[in-house]
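Per the working numbering, the sequence shown starts with residue 13, numbered consecutively.
Glycine included, every Cβ here is placed at the ideal spot set by N, Cα and C.
Keep in mind the model is a prediction, meaning the values are calculated, not measured.
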Amino acid sequence: MNSVLVTAGPTREKIDPIRFISNYSTGTFGYEIAGEAARRGYDVTLISGPTCLEVPRRVKLVRVESACEMRREVKKEARRAGCVIMAAAVCDWRVRSPGWKKIKRHRGDKTLKLEENPDILEELGKHKRSVLVGFALETENLEKNALSKLKRKNLDLIVANKLSKRCGLFGAGPTDILMIDRLLRKETHRRKTKKELAKIILDKVSKLGL
Numbered sequence: 013m014n015s016v017l018v019t020a021g022p023t024r025e026k027i028d029p030i031r032f033i034s035n036y037s038t039g040t041f042g043y044e045i046a047g048e049a050a051r052r053g054y055d056v057t058l059i060s061g062p063t064c065l066e067v068p069r070r071v072k073l074v075r076v077e078s079a080c081e082m083r084r085e086v087k088k089e090a091r092r093a094g095c096v097i098m099a100a101a102v103c104d105w106r107v108r109s110p111g112w113k114k115i116k117r118h119r120g121d122k123t124l125k126l127e128e129n130p131d132i133l134e135e136l137g138k139h140k141r142s143v144l145v146g147f148a149l150e151t152e153n154l155e156k157n158a159l160s161k162l163k164r165k166n167l168d169l170i171v172a173n174k175l176s177k178r179c180g181l182f183g184a185g186p187t188d189i190l191m192i193d194r195l196l197r198k199e200t201h202r203r204k205t206k207k208e209l210a211k212i213i214l215d216k217v218s219k220l221g222l
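Structure representation (C-alpha cells):
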C-alpha cells in the first residue's frame, strides 16, 4: 500500500512562555486531504500544527508546534512516503531569542529580532524521493508566483490560491485554486469546498505517480 504524508495547520513561534507568532491557518485543507487519502486506502500520516480539528479516521497524527519541530518530523516520516503533500502554513520566521519569562509591558517600542526558519519544502525538493506537492497563498501575481515556486522547489504539483474578500481561504468555506503540475499543465477550480478540492487534488496526484 502506498503511503501519504500530509502537513497541516499553522506553526507557532514562541516570543515568551505566553505569546507567539503565528498565522490564520485552521488546518482544514490538510485535514480534508488526509481524510480523503485514508478513505482511498492509503497509509496516511498527518503532521499538524495547533488546530481544533477532529483527526480523520485511520490517520496517524503527529502533533508539532514550531517550524523546526515540523521539519524534524517531516524528515523522519518522508523517508517512507510515496507522496508528500505540504499543506501546512509554516511560519517563515522565528524569534531569535525567545524570553524564558513573560516580557513585561514598558514605555516605548519593543523590538523582536527574527531569523528565517528552514524551508522544509525546498529541502524536500532538493532530495526528492516521492511525489511532492506544495501550496502557495498569494496576494498578487498568483500564476507567476506559483510557477516560480513550482520550479524553484522542484515540485510535481503546486496548489495556489489568492487572498480575496470573495473566497474564504481560512476554514471550510468555498475556495478558488489554480493547480500547475510539473509538465506546466494548469487547472482552475472555482467555488469548491475543501472537501471537494481534496478529491480533485488526490485525483491529480494519482496521475502523477502515487
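- First through last residue of the alpha helix (DSSP H) which encompasses Glu-127: Note, Glu-127: premise wrong, no alpha helix (DSSP H); beta strand (DSSP E) at 126–128.
- CB of Met-82 to nearest heavy atom of the ligand SAH: below 6 Å? The ligand SAH is not part of the structure shown, which contains no ligands of any sort.
- Task: Taking only the alpha-carbon atoms, compute the straight-line gap between Lys-113 and Arg-70 and give it to the nearest angstrom.
- Result: 40 Å
- Query: Below 7 Å between beta carbons: does that hold for Val-107 and Thr-23?
  - Reply: no
- Taking Asn-129 as the reference, give the member of Ile-213, Tyr-54, Lys-26 and His-118 with the closest Cα. Lys-26
- Where does Ile-115 sit, in a helix, a strand or coil, going by DSSP? coil
- C-alpha distance - Ala-158 paired with Val-171, whole-angstrom precision: 8 Å
- Task: Within 10 angstroms of the Cβ of Asn-173, are there 16 or more other Cβ atoms? Answer buried if so, exposed if not.
- Result: buried
- Sequence ranges, alpha helix (DSSP H) only - wholly within the stretch 86–112, length at least 4: none
- Message: Pairs of beta-carbons, one from the stretch 205–216 and one from the stretch 46–60, closer than 8 Å: are there three or more?
- Response: yes
- Message: What would DSSP say about Leu-136, mapped onto helix, strand or coil?
- Response: helix
- In DSSP terms, what Arg-75 is bridged to: Ser-60
- Is Val-67 helix, strand or coil when you go by DSSP? coil
- Straight-line Cα distance separating Leu-124 from Gly-42: 31 Å
- What is the DSSP secondary structure of Lys-207, reduced to helix, strand or coil? helix
- Helix, strand or coil: which one does DSSP assign to Asp-215? helix
- Query: Does the Cβ of Arg-83 have 16 or more other Cβ atoms within 10 Å, making it buried, or fewer, making it exposed?
  - Reply: buried
- How would you call Tyr-54, buried or exposed, if buried means at least 16 neighbouring beta carbons within 10 angstroms? buried
- Task: Excluding the 5 residues preceding and the 5 following Met-191 in the sequence, name in chain order all residues of the same chain whose CB lies nearer than 6 Å to its CB.
- Result: Val-171 and Glu-199
- Message: Am I right that Arg-92 and Ser-218 are in contact with their C-beta atoms under 8 Å? What's the rounded C-beta distance?
- Response: Rounded, the Cβ-Cβ distance is 18 Å, inconsistent with contact.
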